[in-house]
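Position 200 (the sequence shown) corresponds to 1301 in this note's numbering; numbering is contiguous.
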Amino acid sequence: MAEAITNATEAQQALASLFETHGHAVFFGGAGVSTASGIPDFRSVDGLYHQQFDYPPETMLSHSFFVSHKPDFYNFYRKKMIALDAKPNRAHTKLAELEAAGKLDAVVTQNIDGLHQMAGSKNVFELHGSVHRNVCQRCGKTYDAAWIMAREHEDAQGVPICPLCRGEIKPDVVLYEEPLDDNVVNGAVEAISHADMLIVGGTSLVVYPAAGLTRFFNGDKLVIINRDPTPQDHNADLLISCDIAAAFDF
1102 MAEAITNATE AQQALASLFE THGHAVFFGG AGVSTASGIP DFRSVDGLYH
1152 QQFDYPPETM LSHSFFVSHK PDFYNFYRKK MIALDAKPNR AHTKLAELEA
1202 AGKLDAVVTQ NIDGLHQMAG SKNVFELHGS VHRNVCQRCG KTYDAAWIMA
1252 REHEDAQGVP ICPLCRGEIK PDVVLYEEPL DDNVVNGAVE AISHADMLIV
1302 GGTSLVVYPA AGLTRFFNGD KLVIINRDPT PQDHNADLLI SCDIAAAFDF
């Protein structure tokens, strides 16, 4: 197993060197990519799953909870899932620059914050959907996150209601107990399978089926950037254990 780089400057140099010799990279990222933007991750010591709520976060983010406890779901969704003030950090902007330079083919993300697109990335596969799309279950009208937060159209319990048809709104986010979108997964698999370098960043690689996408990589270099060890570290050609935004500041 490769020895992990813990120094940000060394990480920057290593990544810059790899991008000089690879022209079809794919980035596969998780919650750790957005922590520098002020969005908490899930499984670290101070992550979302270690905070105290009336119900476990895994429960509140499940399909069955959405169906049976909509007011509680939307209270949690507004407070913890939507971050309108969040801005892209250096990892997001560098990935967009690398794509524009023809060095990065795609971003595959488990995040639902839309920060990759805000930074300028074009070819983004959102495995778990986006808080910026909230869909009326009756007429199909889509509303953005700002509309959800404005709370101008909701029932007495705080559940958003479509002003066009009075239908209920559901976030276009993959909840627990729901399948991933086949088109998104297929696009991600195709991108990863054609990549000459796969950079995995900010993810614990324990959430399936997303974590299983790395098995489709057949390219030259596998890079893993994460503060904590992952189950796939032994497969990496380069391990980086430092802040991901700092690592991409080259």
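Ideal Cβ positions, reconstructed from N, Cα and C, are used throughout, including at glycine.
Residue i burial status per 10 Å Cβ neighbour count (16 or more: buried)
| i | result |
| --- | --- |
| Glu1104 | exposed |
| Cys1263 | buried |
| Glu1111 | exposed |
| Thr1194 | buried |
Other residues of its chain near residue i: CB distance less than 6 Å, five sequence neighbours each side excluded
| i | result |
| --- | --- |
| Gln1258 | Pro1172 |
| His1123 | Asp1297 and Met1298 |
Reduced DSSP secondary structure (H/G/I, E/B, other) of residue i
| i | result |
| --- | --- |
| Asp1273 | strand |
| Ile1345 | helix |
| Leu1205 | strand |
| Glu1278 | coil |
| Val1285 | helix |
| His1335 | helix |
| His1217 | helix |
| Glu1255 | strand |
| Arg1191 | helix |
| Leu1196 | helix |
Supposed contact pair residue j and residue i - C-beta distance, whole angstroms, cut 8 Å
| i | j | result |
| --- | --- | --- |
| Lys1212 | Ser1135 | Position check: residue 1212 holds Asn in this sequence, whereas Lys was assumed. Their Cβ separation, rounded to whole angstroms, is 6 Å, which keeps Asn1212 and Ser1135 in contact under 8 Å. |
| Leu1196 | Ser1222 | 6 Å |
| Val1232 | Gly1215 | 7 Å |
| His1217 | Val1274 | That belief does not hold up - the Cβ atoms of His1217 and Val1274 are roughly 16 Å apart, past 8 Å. |
| Val1301 | Thr1315 | 6 Å |
Same chain, Cβ closer than 7 Å to residue i, five either side skipped, listed in chain order
| i | result |
| --- | --- |
| Ala1311 | Gln1211 and Leu1228 |
| Ala1289 | Val1209, Phe1226, Leu1228 and Leu1314 |
| Glu1278 | Ser1163, His1164 and Ser1165 |
| Pro1332 | Leu1306 and Val1307 |
Other residues of its chain near residue i: CB distance less than 8 Å, five sequence neighbours each side excluded
| i | result |
| --- | --- |
| Asn1108 | Cys1343 |
Q: Could you name each continuous alpha helix (DSSP H) segment of 4 residues or more that falls completely within the stretch 1102-1181, going from the start of the chain to the end?
A: Assignment of alpha helix (DSSP H) within the stretch 1102-1181, counting only whole runs of 4 or more residues, yields 1109-1122, 1158-1161, 1164-1169 and 1171-1177 in chain order.
Residue ranges of each beta strand (DSSP E) run of no fewer than 3 residues wholly in the stretch 1290-1323, ordered along the chain?
1298-1302
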